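Chains A and B, in that order, give the protein sequences.
Under the UniProt record's numbering, the first residue of the first sequence is numbered 1, with each subsequent residue one higher.
Under the UniProt record's numbering, the first residue of the second sequence is numbered 1, with each subsequent residue one higher.
Heads up, the thing below is written out as structure tokens.
2 protein chains.
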Amino acid sequence: MFGNDYNDEITDLIGELDEAESAEVLRKMNKEDQENVRRLMEYDPETAAGIMSTEFIAIHSHNTVMDTLKFLQSHTDDDTDYYLYVTDPQGYLKGVISLRHIVSSTFDTPIMDIINPDVITVHQDDDQEAVAHQFEKYGFIMMPVVDDENRMIGVISFDDIMEIIQEENTEDIHHLGGLNKEERVDSTFKESVNSRLPWLIVNLGTAILAAFVVSQFESTISKVVTLAAIMPIITGMGGNAGTQSMTLIVRGISLEELTGENAWSVFRKEVSVGMVDGIVVGMIMGLLAFVFEGNVVFAAIAGIAMFLNMLMANTAGFVIPVILKKLHIDPALASTVFVTTVTDVLGFFFFLGLATVVLPYIA
Amino acid sequence: MFGNDYNDEITDLIGELDEAESAEVLRKMNKEDQENVRRLMEYDPETAAGIMSTEFIAIHSHNTVMDTLKFLQSHTDDDTDYYLYVTDPQGYLKGVISLRHIVSSTFDTPIMDIINPDVITVHQDDDQEAVAHQFEKYGFIMMPVVDDENRMIGVISFDDIMEIIQEENTEDIHHLGGLNKEERVDSTFKESVNSRLPWLIVNLGTAILAAFVVSQFESTISKVVTLAAIMPIITGMGGNAGTQSMTLIVRGISLEELTGENAWSVFRKEVSVGMVDGIVVGMIMGLLAFVFEGNVVFAAIAGIAMFLNMLMANTAGFVIPVILKKLHIDPALASTVFVTTVTDVLGFFFFLGLATVVLPYIA
Chain A
1 MFGNDYNDEI
11 TDLIGELDEA
21 ESAEVLRKMN
31 KEDQENVRRL
41 MEYDPETAAG
51 IMSTEFIAIH
61 SHNTVMDTLK
71 FLQSHTDDDT
81 DYYLYVTDPQ
91 GYLKGVISLR
101 HIVSSTFDTP
111 IMDIINPDVI
121 TVHQDDDQEA
131 VAHQFEKYGF
141 IMMPVVDDEN
151 RMIGVISFDD
161 IMEIIQEENT
171 EDIHHLGGLN
181 KEERVDSTFK
191 ESVNSRLPWL
201 IVNLGTAILA
211 AFVVSQFEST
221 ISKVVTLAAI
231 MPIITGMGGN
241 AGTQSMTLIV
251 RGISLEELTG
261 ENAWSVFRKE
271 VSVGMVDGIV
281 VGMIMGLLAF
291 VFEGNVVFAA
301 IAGIAMFLNM
311 LMANTAGFVI
321 PVILKKLHID
331 PALASTVFVT
341 TVTDVLGFFF
351 FLGLATVVLP
361 YIA
Chain B
1 MFGNDYNDEI
11 TDLIGELDEA
21 ESAEVLRKMN
31 KEDQENVRRL
41 MEYDPETAAG
51 IMSTEFIAIH
61 SHNTVMDTLK
71 FLQSHTDDDT
81 DYYLYVTDPQ
91 GYLKGVISLR
101 HIVSSTFDTP
111 IMDIINPDVI
121 TVHQDDDQEA
131 VAHQFEKYGF
141 IMMPVVDDEN
151 RMIGVISFDD
161 IMEIIQEENT
171 EDIHHLGGLN
181 KEERVDSTFK
191 ESVNSRLPWL
201 IVNLGTAILA
211 AFVVSQFEST
221 ISKVVTLAAI
231 MPIITGMGGN
241 AGTQSMTLIV
251 RGISLEELTG
261 ENAWSVFRKE
271 VSVGMVDGIV
281 VGMIMGLLAF
291 VFEGNVVFAA
301 IAGIAMFLNM
311 LMANTAGFVI
321 PVILKKLHID
331 PALASTVFVT
341 TVTDVLGFFF
351 FLGLATVVLP
361 YIA
């Protein structure tokens with residue numbers, strides 16, 4: 001009923017059906033497909049085994065190129081692969097050879113002479129994102145999947161990987177934007193509300209925390225009301241700087257470009273960039289505040305609070321995703337809410353706190 | 001000096017050198033490579049022609065499988081491809097055949113009988129992102145590139161496409177986070193400042209606009225200082241809801257999941273989700289404001305302002321990226337700043353405006 005290569009996709013589909021429905025679908029498949037799908041269903045769908053196909057071509061190393069071509073001509077379906085795998089009778093993987101090598105070798109070449117015995121494999125339990133990184137790194141078309149005893153149990157091909165790369169990217173983009181990874185433009189109304197409302201409630205909690213900080217300074221604000229107009233500029237700009245830093249770090253972690261070796265120098269650079277951006281934006285802020293209020297002390301605290309908040313924003317933008325990664329929490333998922341909490345709470349605290357200290361000079 | 005398949009990458013590299021440096025690199029290459037690279041340098045590096053390799057295997061349709069295998073054995077380098085192309089003497093593309101088909105056909109099969117004459121091609125000027133979509137859609141390993149007269153001029157392979165997909169994703173993620181597409185964790189301090197400071201200055205402009213709105217209501221705030229503590233919650237939550245909606249739409253545009261057909265129903269859903277999220281968060285906000293200030297009218301305007309701002313946030317989150325796309329501006333690049341401007345300006349205006357109207361009841 002289904003082409004062999006679709007067994008992995010059928011398995012994912014069946015995983016989303018209820019028991020009666022999946023039994024019905026399985027009943028309609030031929031025996032071989034049924035067994036393959038049942039076996040695939042036992043694996044976690046986000047691992048190498050969950051995305052592999054169990055159909056691959058295993059050949060003998062003692063044959064020649066001519067023998068192998070004849071074998072392919074007689075044992076073929078629509079899905080002859082671009083790599084042939086050499087396995088021993090126990091299923092252990094002994095080597096790999098590409099069709100490219102076979103067709104460019106003379107007919108009497110022994111397969112043994114042209115196989116590559118150093119096969120790069122993935123383990124059945126490897127996470128699909130790690131598998132995708134292997135494909136990107138090596139530019140492979142196919143990779144063999146092995147079990148705990150190093151026996152070959154399936155192959156993963158690049159077209160499955162392209163889908164996974166897009167899925168993982170969508171997941172990161174959605175998490176950074178406060179959406180579930182599953183939501184799509186054609187999700188139902190109910191799915192969308194379920195995807196977004198919990199995030200909004202969490203953010204409401206952090207916004208209330210920031211409001212609580214402001215409320216502690218109400219007597220200061222009542223004496224210098226312009227503080228209320230300026231303070232959202234300071235928290236907002238901190239948020240922007242923190243988001244920049246966090247975005248770079250979260251993406252760098254995803255692409256495996258942020259490593260143990262460069263972490264320290266990247267951290268120092270983030271802090272330096274926060275300082276310089278903070279000095280520039282802080283000076284503009286101070287100038288604007290002076291134009292607005294005509295008070296040098298007022299201008300100075302606006303500039304200093306902006307500088308401090310942007311410095312802290314860049315620091316948090318590095319530290320928060322790195323800590324989340326260490327704790328095995330997806331940095332894309334939780335960084336945004338923590339970074340904005342830091343920039344809101346500290347922004348209000350720096351600005352209104354400084355204003356309270358210098359109140360006699362600005363009121 | 002270089003493998004043929006690297007000519008496209010060498011070309012990109014030379015594009016980044018100055019004239020003296022690139023002349024030096026070209027001088028060190030053999031004549032054939034030099035010509036290929038010079039030709040590739042004339043193309044826009046982000047088009048199909050800019051990413052293609054000019055090395056491909058063209059065969060004759062009147063040969064048999066055996067003739068072709070012998071041809072491959074004698075005319076091979078390291079880079080025999082997975083597809084062979086049938087061209088006529090003028091270079092017009094007549095068909096394609098995969099190595100899989102060749103090795104699974106008997107030796108006496110005429111190539112003519114097994115070629116696929118309906119070749120899916122890309123045009124030399126096609127944008128690399130559009131080419132990547134073709135690869136994803138069809139699961140191809142290679143695609144031929146044709147010129148204006150439909151002559152075959154090169155091939156693009158899936159491993160170049162994987163890189164492009166990741167590049168395009170990084171570009172979207174960076175733009176949404178307010179970074180240049182080129183910045184990486186290992187960029188220099190100067191590159192990072194240049195990537196971020198212009199965005200921060202633009203954002204400062206919009207933050208000042210929002211502060212100006214607040215300043216128009218200073219006399220209201222001076223009478224009810226708690227407004228200053230509550231107002232950032234309303235703008236912040238609007239920003240969060242707008243970011244959710246905008247993220248979904250920007251990603252939907254990138255993945256080509258938002259189309260002319262479903263745009264209207266997606267828009268209605270976004271507005272509905274904004275309403276429901278606005279009602280839920282607005283009610284919580286009203287309740288909190290009542291606990292905080294003990295005034296029903298104060299609680300009501302906080303709740304209503306929150307509802308209105310979240311509704312407008314979701315509307316803007318849809319409308320802004322869609323308009324930018326229509327104007328051929330990258331939605332990821334400019335949506336964030338517009339959406340937050342809307343939610344900040346409207347959030348302050350709704351809340352402080354309502355407070356001014358009902359001032360006698362809350363002061």
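Glycine included, every Cβ here is placed at the ideal spot set by N, Cα and C.
Predicted, not measured: the structure shown is a model, and the values here were computed from it.
(request) Would you mind working out which of 212/A, 331/A, 353/A and 310/A sits nearest residue 193/B, comparing C-alpha positions? (result) Among 212/A, 331/A, 353/A and 310/A, the Cα nearest to that of residue 193/B belongs to 310/A.
(message) Looking at residue 105/A: is its Cβ nearer than 8 Å to the Cβ of residue 86/A?
(response) For the 8 Å CB-CB criterion, residue 105/A and residue 86/A do not form a contact.
(request) Report the partner residues of residue 58/A according to the DSSP bridge assignment. (result) In the DSSP assignment, residue 58/A forms a beta bridge with 85/A.
(message) Using C-beta distances below 6 Å, list every residue in its chain close to residue 124/B, excluding the 5 sequence neighbours before and after it, in chain order.
(response) The residues 48, 49, 145 and 147, in chain order, have a CB closer than 6 Å to that of residue 124/B in the same chain once the five nearest residues on each side in sequence are set aside.
(message) Please list, in chain order, the residues of the segment 67-101 of chain A that have any C-beta partner in chain B closer than 7 Å.
(response) Residues passing the 7 Å Cβ filter: 69, 72, 73, 76, 80, 82, 99 and 100.
(message) Could you give the first and the last residue of the continuous beta strand (DSSP E) run that contains residue 94/B?
(response) 93-98 is the extent of the beta strand (DSSP E) around residue 94/B.
(request) May I ask you to list, following chain order, the residues of the segment 313-326 of chain B that have a beta carbon less than 7 Å from some beta carbon of chain A? (result) Those residues of the segment 313-326 of chain B that come within reach of chain A (Cβ to Cβ, closer than 7 Å) do not exist; the list is empty.
(message) Counting C-beta neighbours from all protein chains within 10 Å, is the total for residue 137/B 16 or more, i.e. buried, or is it exposed?
(response) Per the 10 Å Cβ criterion, exposed.
(request) Measure the beta-carbon distance from residue 139/B to residue 81/A and round it to whole angstroms, keeping in mind my assumption that it falls under 8 Å. (result) That pair is no contact at about 14 Å.
(request) Decide if residue 78/A is buried, meaning its Cβ has at least 16 other Cβ atoms within 10 Å, or exposed. (result) Its pLDDT being 48, under 50, residue 78/A is placed unreliably by the model, and nothing is read from it.
(request) Run through the segment 169-208 of chain B for me and flag every whole alpha helix (DSSP H) of 4 or more residues, listed as ranges in chain order. (result) Those alpha helix (DSSP H) runs which fall completely within the segment 169-208 of chain B and span 4+ residues do not exist here.
(request) Quick one: list the residues of chain B neighbouring residue 193/A, beta-carbon separation under 8 Å, in chain order. (result) Simply 273, 276 and 277.
(message) Which same chain residues end up closer than 6 Å to residue 161/A when comparing Cβ atoms and leaving out the 5 residues on each side of it in sequence?
(response) Around residue 161/A: 132 and 135.
(message) Using a Cβ-Cβ cutoff of 9 Å, what residues of the segment 282-313 of chain B are near chain A? List them in chain order.
(response) For the segment 282-313 of chain B, the residues whose beta carbon sits under 9 Å from a beta carbon of chain A are, in order, 284, 285, 288, 292 and 310.
(request) Would you grab the beta carbon distance between residue 250/B and residue 335/B for me? Rounded to a whole angstrom, and I think it's under 8 Å. (result) With a contact defined as Cβ atoms closer than 8 Å, residue 250/B and residue 335/B qualify at about 6 Å.
(request) Specify the secondary structure class of residue 53/A as computed by DSSP and reduced to three states. (result) Residue state for residue 53/A is assigned as strand, using DSSP reduced to three classes.
(message) Please identify, using Cβ separations under 9 Å, the residues of the segment 181-211 of chain A that lie next to chain B, in order along the chain.
(response) Residues of the segment 181-211 of chain A with a C-beta atom less than 9 Å from some C-beta of chain B are 183, 184, 185, 186, 187, 188, 189, 192, 193, 195, 196, 197, 199, 200, 201, 203, 204, 206, 207, 208, 210 and 211, listed in chain order.
(request) Give a yes or no on whether 8 Å exceeds the smallest Cβ distance from residue 262/B to chain A. (result) Residue 262/B counts as touching chain A.
(message) I'd like to know whether the C-beta of residue 359/B is nearer than 8 Å to at least one C-beta of chain A.
(response) Not an interface residue.
(request) Report yes or no: is there a C-beta of chain A within less than 8 Å of the C-beta of residue 174/B? (result) For residue 174/B, the answer is yes, since a Cβ of chain A falls inside 8 Å of its Cβ.
(request) Could you tell me the distance, in whole angstroms, from the CA atom of residue 230/B to the CA atom of residue 285/B? (result) Between residue 230/B and residue 285/B, the alpha-carbon positions lie close to 9 Å from each other.
(request) List the residues of chain A that residue 51/B touches, going by C-beta distances under 8 Å, in chain order. (result) Residue 51/B does not reach chain A, its nearest Cβ partner there being about 14 Å away, counting only Cβ pairs nearer than 8 Å.
(request) Assuming residue 302/A and residue 175/A form a contact by the criterion Cβ under 8 Å, report the distance between their Cβ atoms to the nearest whole angstrom. (result) At roughly 34 Å, the Cβ-Cβ gap does not stay under 8 Å, so residue 302/A and residue 175/A are not in contact.
(request) Measure the alpha-carbon distance for residue 275/B versus residue 277/A and round it to whole angstroms. (result) Linking residue 275/B to residue 277/A through their CA atoms gives a straight-line distance of about 38 Å.
(message) Cβ closer than 8 Å: which chain B residues qualify as neighbours of residue 333/A?
(response) Within chain B, no C-beta atom comes less than 8 Å from the C-beta of residue 333/A; the nearest is roughly 13 Å away.
(message) Is the beta carbon of residue 119/A closer than 8 Å to that of residue 155/A?
(response) If you check the CB distance, residue 155/A and residue 119/A do not come in under 8 Å.
(message) Classify residue 287/B: buried if its beta carbon has 16 or more other beta carbons within 10 angstroms, exposed otherwise.
(response) So residue 287/B counts as exposed.
(request) Indicate whether at least one CB of chain A lies closer than 8 Å to the CB of residue 229/B. (result) Chain A contact via Cβ: present.
(request) Identify, in the order they occur along the chain, each residue of the same chain with its Cβ nearer than 7 Å to the Cβ of residue 98/A, setting aside the five sequence neighbours on each side. (result) Around residue 98/A: 82 and 83.
(message) For a cutoff of 8 Å on Cβ pairs, would you count residue 280/B as touching chain A?
(response) Closer than 8 Å to some Cβ of chain A, the Cβ of residue 280/B qualifies, so yes.
(message) I'd like the list of long-range same chain contacts for residue 429/A, defined as Cβ closer than 7 Å, with 5 residues on each side in sequence excluded.
(response) As shown, chain A starts at 1 and ends at 363. That puts residue 429/A outside it, with no answer to give.
(request) Give the C-beta separation of residue 305/A and residue 338/A to the nearest angstrom, bearing in mind that I take them to be a contact with Cβ-Cβ under 8 Å. (result) Between residue 305/A and residue 338/A a beta carbon distance of about 21 Å is seen, past the 8 Å cut, so the two are scored as non-contacting.
(message) In this structure, how does DSSP classify residue 101/A when only helix, strand and coil are distinguished?
(response) Under the three-state reduction of DSSP output, residue 101/A falls in the helix class.
(request) Specify the secondary structure class of residue 358/A as computed by DSSP and reduced to three states. (result) In the structure shown, residue 358/A adopts coil according to DSSP, grouped into three states.
(message) Distance check for residue 177/B and residue 247/A, CA to CA, integer angstroms please.
(response) Put simply, the backbone Cα of residue 247/A is about 6 Å away from that of residue 177/B.
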